[in-house]
Structures are given as C-alpha cells and as structure tokens.
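K.L.:
Here it is, the structure, as structure tokens.
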Amino acid sequence: MWYPDWTKNGGRGDAQKWPSNWPKPRIVDATGDGALSGRIILVDPGHNLGNSTHSSDINKRYWVGLDKICNTTGTETRDGYAEASYTYDVAERLTELLTGEGATVVLTRDRNDEESYGPCIQGRGLLGEQVGADIAVSIHADGGPVSGHGAFVYTPAPLAGYTSADKAARSVRLAQRILTGLNDQGLGGSTYFVPNIAPDREQGTLNTAGLPIVIVETLNMQNPDDSAIASSEEGRQRVAEGLAAGIVGYFAG
Numbered sequence: 055m056w057y058p059d060w061t062k063n064g065g066r067g068d069a070q071k072w073p074s075n076w077p078k079p080r081i082v083d084a085t086g087d088g089a090l091s092g093r094i095i096l097v098d099p100g101h102n103l104g105n106s107t108h109s110s111d112i113n114k115r116y117w118v119g120l121d122k123i124c125n126t127t128g129t130e131t132r133d134g135y136a137e138a139s140y141t142y143d144v145a146e147r148l149t150e151l152l153t154g155e156g157a158t159v160v161l162t163r164d165r166n167d168e169e170s171y172g173p174c175i176q177g178r179g180l181l182g183e184q185v186g187a188d189i190a191v192s193i194h195a196d197g198g199p200v201s202g203h204g205a206f207v208y209t210p211a212p213l214a215g216y217t218s219a220d221k222a223a224r225s226v227r228l229a230q231r232i233l234t235g236l237n238d239q240g241l242g243g244s245t246y247f248v249p250n251i252a253p254d255r256e257q258g259t260l261n262t263a264g265l266p267i268v269i270v271e272t273l274n275m276q277n278p279d280d281s282a283i284a285s286s287e288e289g290r291q292r293v294a295e296g297l298a299a300g301i302v303g304y305f306a307g
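For what it's worth, the working numbering labels the leading residue of the sequence shown as 55, then goes sequentially.
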C-alpha cells in the first residue's frame with residue numbers, strides 16, 4: 055500500500071511513514087481531456103468522522119509554524135449532519151468534475167469513518183508537494199452565527215521558513231477564483247466574515263504546504279439556509295461545481 059512521508063514538526067524533522075490508523079490518501083486518474091489536462095490537484099476533505107472517537111490522538115500537539123493540535127472534530131448542522139461527512143461528499147463530487155476536465159486528483163483521505171482519525175493537519179499540508187500537485191484545496195464548512203451565511207477563504211500568510219510571498223500571492227488568486235465560482239452557483243460570500251479572504255499564519259495545513267493552497271469555508275452549517283444546502287445532494291453538487299469552476303478559472307489566468 056502506498057503511504058507518503060510526513061514529519062511531526064511541519065517539515066522540521068526526520069520523515070516518517072504515513073500512520074496506518076490515518077485514512078489512506080487516494081489518487082484518482084483523469085477520466086477526460088479538458089481545461090485541467092496534465093494538472094495535479096490535491097483535494098482535502100476537512101476533518102474525519104472518527105476524530106470524535108479519537109480525542110487523545112487528535113489533541114496531540116505538533117509544531118507547524120506554531121504549536122497546534124493534530125486536528126479537530128469540526129462542526130455540524132443543527133440536525134446533526136457532520137462537517138466531516140459533508141466535506142467528504144463534496145470532495146467526491148469535486149473529484150469527479152476535476153478528473154473529467156483532465157486533472158489527476160489526490161485526496162488526503164479515502165474514507166470517512168469512526169475507526170480512523172485525521173490525517174493530522176501537517177500531513178494534509180505536506181502531501182501536495184510530495185505528489186507534485188499544482189495547488190491544494192481544503193474543503194470545510196463553518197459553525198458561525200445563526201444569522202450569517204456564505205463562504206470565506208483562509209490563505210497562507212507570509213511566514214519565514216513556511217510561506218513565501220509568491221505562495222501567499224498565488225493562494226490569494228486561487229481564493230478569488232473560488233469565491234467567484236461559488237458566487238456563480240448562487241453561493242455568495244460570507245455576510246459575517248468580512249473581508250471574505252483572510253491570510254492566516256495560524257492554520258497548520260496552510261503553513262506546511264509547499265504550494266498554493268486555500269481552506270474554503272464553503273458555507274455556515276449553523277445557518278438554516280446554508281444548512282439546507284449542505285444537507286441536500288443538489289446543494290452539495292452546487293458547492294462542488296463552484297469549487298471546480300474556481301479551480302479552472304485559476305489556471306485560465
């Protein structure tokens with residue numbers, strides 16, 4: 055079985071094999087020929103359903119440009135639909151769209167279950183460079199105020215030893231294209247997190263990635279309207295379509 059290397063301390067230590075109790079990364083080959091032919095896209099479905107049953111594991115602390123825990127459980131809708139399940143479903147839909155446009159997609163996890171946990175944030179961040187990815191998109195949903203709705207994006211902020219000015223700038227451009235793609239699907243920018251693009255030094259996945267990367271908080275699971283989008287197949291497809299359009303737009307210039 056193929057497992058990439060990772061380091062406990064954000065690229066600052068001896069490489070180790072990907073832990074077997076993490077979900078395994080999955081590579082999905084292109085199925086078509088289109089705007090993304092020859093591209094490699096890392097898609098990271100945020101969290102994992104098993105994080106809630108592995109609290110001691112996900113709360114272990116690592117250095118990723120700052121001291122952070124391995125991962126978190128994520129949020130959920132008021133009806134109990136977990137962010138981890140939502141992100142995994144959207145990632146699967148996005149993968150189908152991207153591979154149809156000619157891209158090879160590498161997913162950071164191949165399952166969403168209570169038996170596994172993670173991957174830890176630095177494993178997710180480091181994976182893209184190892185597989186030769188052009189960009190990385192980490193899919194999330196927020197647990198914001200009930201009255202607020204819409205998407206926002208975290209991008210890596212310049213940080214010595216982790217994020218160059220070039221990586222930061224390219225990531226902002228990717229974020230802009232993705233927000234445009236979501237808006238074209240009727241999924242507008244956040245009404246409570248303004249501006250909708252936030253450079254952030256405190257996201258370990260962003261810090262440890264050696265390529266343009268974004269964390270997309272696609273909607274607010276606490277808001278009734280956004281929750282309805284997250285909970286429906288049609289809504290999740292719209293999110294995936296918006297993300298895919300943004301990725302295509304990024305490579306179009």
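Using N, Cα and C, we set each Cβ at its ideal position, and we do this for glycine too.
Thinking C-alpha only, which one of Gly-303, Leu-297, Trp-72 and Tyr-304 is nearest Val-97?
P.N.:
For the purposes of this step, residue 97 is identified with residue 43 of the sequence shown, where counting begins at 1. Nearest of Gly-303, Leu-297, Trp-72 and Tyr-304 to Val-97, Cα basis: Leu-297.
K.L.:
Thinking C-alpha only, which one of Ile-232, Thr-262 and Ser-170 is nearest Pro-73?
P.N.:
Working through the sequence shown from its first residue, we reach residue 73 at position 19. Looking at the Cα atoms, Ser-170 is the closest of the given residues.
K.L.:
In chain order, what are the residue ranges of uninterrupted beta strand (DSSP E) at least 3 long that sit wholly in the region 209 to 271?
P.N.:
251 to 254
K.L.:
Return the Cβ separation of Gly-156 and Gly-86 in integer angstroms, given the expectation that the two are a contact with Cβ distance under 8 Å.
P.N.:
Position 102 of the sequence shown, counting from 1, holds the residue named residue 156. Position 32 of the sequence shown, counting from 1, holds the residue named residue 86. With a Cβ gap of about 6 Å, Gly-156 and Gly-86 count as contacting.
K.L.:
Considering only the beta carbon of each residue, do Gln-101 and Glu-137 sit closer than 8 Å?
P.N.:
Here residue 101 corresponds to residue number 47 of the sequence shown, with the count starting at 1. Here residue 137 corresponds to residue number 83 of the sequence shown, with the count starting at 1. Going by the sequence as given, residue 101 is His instead of Gln. Contact: yes.
K.L.:
Since Val-185 is in the alpha helix (DSSP H), which residue starts that stretch and which ends it?
P.N.:
The residue given as residue 185 occupies position 131 in the sequence shown. No alpha helix (DSSP H) contains Val-185, which DSSP labels as neither H nor E.
K.L.:
Starting from Thr-158, follow its DSSP beta bridges and name the residues at the other end.
P.N.:
Looking up residue 158 in the sequence shown gives position 104. Beta-bridge pairing links Thr-158 to Ile-94.
K.L.:
Would you kindly check if the distance between the Cβ of Ala-195 and the Cβ of Ala-306 is under 8 Å?
P.N.:
Stepping through the sequence shown from its first residue, residue 306 is reached at position 252. Stepping through the sequence shown from its first residue, residue 195 is reached at position 141. Between Ala-306 and Ala-195, the CB-CB gap reaches or exceeds 8 Å.
K.L.:
Just confirm the distance between the C-beta atoms of Ala-211 and Pro-278, as a whole number of angstroms; I'd bet it's less than 8 Å.
P.N.:
The residue given as residue 211 occupies position 157 in the sequence shown. The residue given as residue 278 occupies position 224 in the sequence shown. Going by Cβ atoms, the distance from Ala-211 to Pro-278 rounds to 33 Å, so no, they are not a contact pair.
K.L.:
Return the chain-ordered ranges of every alpha helix (DSSP H) run that is complete within the region 96 to 151 and spans a minimum of 4 residues.
P.N.:
109 to 112
K.L.:
Counting along the chain, where does the alpha helix (DSSP H) carrying Arg-80 start and finish?
P.N.:
Looking up residue 80 in the sequence shown gives position 26. Here Arg-80 belongs to no alpha helix (DSSP H); instead the beta strand (DSSP E) covers 80 to 82.
K.L.:
Go ahead and pull the three-state DSSP assignment for Val-191.
P.N.:
Locating residue 191 in the sequence shown gives position 137, where the first residue counts as 1. Here Val-191 sits in strand by DSSP.
K.L.:
Could you give the DSSP three-state label for Ala-205: helix, strand or coil?
P.N.:
Position 151 of the sequence shown, counting from 1, holds the residue named residue 205. DSSP places Ala-205 in strand when its eight states are reduced to three.
K.L.:
Rounded to the nearest angstrom, how far is the Cβ of Asp-111 from that of Cys-124, given a contact under 8 Å?
P.N.:
Counting from 1 along the sequence shown, the entry for residue 111 is found at position 57. Counting from 1 along the sequence shown, the entry for residue 124 is found at position 70. Between Cys-124 and Asp-111 the Cβ distance is about 6 Å, and since that is below 8 Å, they are a contact.
K.L.:
Taking DSSP as the reference, what is the three-state secondary structure of Gln-70?
P.N.:
Indexing the sequence shown from 1 puts residue 70 at position 16. Gln-70 falls in the strand class under three-state DSSP.
K.L.:
Helix, strand or coil for Asp-196 per DSSP?
P.N.:
For this step, residue 196 is matched to residue 142 along the sequence shown. Here Asp-196 sits in strand by DSSP.
K.L.:
Can you give the beta carbon distance from Gly-197 to Gln-276, rounded, assuming they're within the 8 Å contact cut?
P.N.:
On the sequence shown, residue 197 is found 143 positions in, with the first residue counted as 1. On the sequence shown, residue 276 is found 222 positions in, with the first residue counted as 1. For a cut-off of 8 Å, the C-beta gap from Gly-197 to Gln-276 is around 5 Å, short enough to register as a contact.
K.L.:
Rounded to the nearest angstrom, what separates Glu-303 and Ala-294 at their Cα positions?
P.N.:
The sequence position of residue 303 within the sequence shown is 249, counting from 1. The sequence position of residue 294 within the sequence shown is 240, counting from 1. Sequence inspection shows Gly at residue 303; the Glu mentioned does not correspond to that position. Looking at the two C-alpha atoms, the distance is approximately 14 Å.
K.L.:
Quick check: Ile-94 and Thr-158, are their CB atoms within less than 8 Å of each other?
P.N.:
As a position in the sequence shown, residue 94 is number 40, starting the count at 1. As a position in the sequence shown, residue 158 is number 104, starting the count at 1. Yes, the Cβ-Cβ distance between Ile-94 and Thr-158 is below 8 Å.
K.L.:
Would you please state the rounded distance, in angstroms, between the beta carbons of Arg-178 and Thr-259? I believe it to be under 8 Å.
P.N.:
Taking the sequence shown and counting its residues from 1, the one referred to as residue 178 is at position 124. Taking the sequence shown and counting its residues from 1, the one referred to as residue 259 is at position 205. Indeed, because the Cβ distance is near 5 Å, the residues count as touching under 8 Å.
K.L.:
Do the CB positions of Val-82 and Ser-192 come within less than 8 Å of each other?
P.N.:
Counting from 1 along the sequence shown, the entry for residue 82 is found at position 28. Counting from 1 along the sequence shown, the entry for residue 192 is found at position 138. For Val-82 and Ser-192, no; Cβs fall outside 8 Å.
K.L.:
Between Pro-79 and chain C, is any beta-carbon pair separated by less than 8 Å?
P.N.:
Here chain C cannot be found, since the structure has a single protein chain.
K.L.:
Opposite Asn-274 in the DSSP bridges: which residues?
P.N.:
Locating residue 274 in the sequence shown gives position 220, where the first residue counts as 1. Note: Asn-274 sits in a beta bridge opposite Asp-196.
K.L.:
Considering just the uninterrupted stretch of the alpha helix (DSSP H) at Gly-88, what are its terminal residues?
P.N.:
Residue mapping note: residue 88 aligns to position 34 of the sequence shown, counting from 1. Element bounds for Gly-88: n/a, residue is neither H nor E.
K.L.:
Report back the beta-carbon spacing between Leu-213 and Asn-261 to the nearest angstrom; my notes put them in contact at under 8 Å.
P.N.:
For this step, residue 213 is matched to residue 159 along the sequence shown. For this step, residue 261 is matched to residue 207 along the sequence shown. That belief holds up - the Cβ atoms of Leu-213 and Asn-261 are roughly 6 Å apart, short of 8 Å.
K.L.:
Which residues mark the beginning and the end of the alpha helix (DSSP H) in which Tyr-171 is found?
P.N.:
Position 117 of the sequence shown, counting from 1, holds the residue named residue 171. It is not in any alpha helix (DSSP H) - Tyr-171 carries neither H nor E in the DSSP assignment.
K.L.:
How close, in whole Å, do the beta carbons of Gly-243 and Phe-206 come, if the pair is a contact with beta carbons under 8 Å?
P.N.:
To locate residue 243, count along the sequence shown from 1; it is residue 189. To locate residue 206, count along the sequence shown from 1; it is residue 152. At roughly 7 Å, the Cβ-Cβ gap stays under 8 Å, so Gly-243 and Phe-206 are in contact.
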